[in-house]
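If you read the sequence shown in our numbering, its first letter stands for residue 561, the second for the next number, and so on. A short worksheet on the structure shown next.
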Amino acid sequence: MNTLDKKYQNLLQDILDNGVEKSDRTGTGTLSVFGRQITHNMKQGFPALTTKKLAWKQVVSELLWFLTGQTNIQYLLKHNNHIWDGDAYKNYTKEVNALIDGYMNGDVIGTQPHIDDMFSNPDDLTPLTKEEFINKIKTDNTFAKTWGDLGPIYGKQWRKWKGENGRIDQIDDLIRTLKTNPDSRRLMVSAWNVGELEQMVLPPCHYGFQVWTRELTYSERYKIWFNNNYETGMEYYEGNVPNFDDTYYEPTPTRAISLMWNQRSVDTFLGLPFNIASYGLLLKIIANEVNMVPDELIGNLGDVHLYSNHIEQAKEQISREPFDLPKLKTDAKMDGICCNVPDDFILEGYQHHPTIKAPLSN
């Protein structure tokens with residue numbers, strides 16, 4: 561069953577029907593609504609939308625990048641992931657143009673280390689093209705260290721939040737609390753560090769998430785054990801509830817876990833399908849780490865918008881009939897939540913409509 565694509569299509573239609581025209585920082589213009597929610601039951605399948613192709617490997621590599629605590633795009637580029645290129649290059653050109661302005665006012669640019677590396681032609685202060693910039697990030701570690709870093713964005717806040725007594729690893733704290741106090745109401749991770757927003761190339765769009773767990777019924781536990789141990793086609797009897805104190809049935813999970821993320825700004829056509837899949841994957845990774853079953857995925861969405869150059873693309877996607885959702889397969893060892901590589905996560909049975917191209921606004 562796939563109700564997720566229909567919910568997403570309904571959200572696109574909601575914006576087309578009820579959205580108001582608003583300006584935005586990119587200068588593109590949007591149709592916008594405020595305060596929406598999208599939900600998905602993970603039992604229905606993995607939340608990869610089928611009404612257009614999802615860039616799955618980019619979803620995985622970005623999330624693993626967050627989980628390793630990194631903020632430099634060099635990692636992403638090594639995995640052929642270019643979703644943050646525009647933000648990094650925009651920051652580079654801003655800084656370079658400021659240096660050029662300073663030079664025109666009498667500052668001596670050449671006294672700064674590696675300054676020649678910043679220009680295509682240092683003699684006339686021509687900034688690197690975007691292609692030159694990206695290639696240099698890939699191949700020059702010194703250049704990448706200076707210009708590939710995006711500031712204290714998601715990974716830094718998740719794994720290295722600056723506290724009074726040192727760095728706080730929110731992911732480690734979350735996993736430890738899930739294992740020791742799974743009914744806690746403090747199972748939260750935040751990326752919205754007010755004191756460091758100005759240092760980020762872009763403040764977090766999805767700025768925090770919370771998880772919640774519940775005990776599984778014996779019937780739910782038996783169905784999980786049955787599905788994990790018998791081939792499809794064998795008959796399952798609802799009333800056949802075993803004694804789970806018997807080690808024969810271990811290590812059947814005892815709890816289900818749900819995740820809710822909060823997002824202040826939602827690029828509904830390009831960004832939201834990516835966000836849904838990313839938090840679905842995060843829920844799966846956390847669930848594996850604490851031996852729980854993924855349950856509900858919930859997105860609380862603030863400014864939900866379509867860019868003005870995405871309108872026709874949205875109409876095309878609304879017209880498409882969804883396929884069944886895929887399943888997520890992973891043979892990865894989950895000891896240590898950031899020990900994986902993108903190839904550890906495979907979508908099985910992912911049938912989808914063709915890609916719908918649309919420009920990204922930075």
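Ideal Cβ placement from N, Cα and C applies to all residues, glycine included.
Under the three-state reduction of DSSP, Thr915 is assigned to coil, being neither helix nor strand. Its Cα nearest to that of Asp805, the residue Tyr778 stands out among Leu572, Tyr778, Lys875, Thr699. Rounded to whole angstroms, Ile728 and Arg719 show a C-alpha spacing of 7 Å.
When Cβ pairs closer than 8 Å are counted between the two stretches, the stretch 779–789 is seen to touch the stretch 809–825, the count reaching three or more.
Counting along the chain, the unbroken alpha helix (DSSP H) around Asp565 starts and ends at 564–578. Assigned with DSSP and collapsed to three states, Ala704 falls in helix.
In this structure, the CA atom of Gln911 is about 18 Å from the CA atom of Gly840. Pairing Val771 with Val826 gives a Cβ-Cβ distance that is not under 8 Å. At least 8 Å separates the beta-carbon of Asn562 from that of Pro914. With a contact defined as Cβ atoms closer than 8 Å, Asn835 and Gly859 qualify at about 7 Å.
Looking at the backbone, the Cα of Leu843 and that of Asn803 are separated by about 28 Å. The C-alpha of Trp752 lies about 33 Å from the C-alpha of Ile660. In the DSSP annotation of this structure, the continuous segment of the alpha helix (DSSP H) that includes Glu691 starts and ends at 690–699. Rounded to whole angstroms, Tyr767 and Leu609 show a C-alpha spacing of 22 Å.
Annotated three-state conformation of Thr814 is coil, per DSSP. For Glu876, the enclosing alpha helix (DSSP H) begins and ends at 871–878. Going by DSSP, Phe883 is part of no beta strand (DSSP E) at all; its letter is neither H nor E. Sequence-distant partners of Gln604 (beyond 5 residues in either direction) whose C-beta falls short of 8 Å from its own C-beta, in its chain, are Met561, Asn562, Thr563, Leu564, Leu885. Gln717 has its alpha-carbon roughly 9 Å from the corresponding atom of Phe626.
For Gln873, the CB contacts under 8 Å within the same chain, skipping 5 residues up- and downstream, are Phe829, Ile916, Lys917, Ala918 in chain order.
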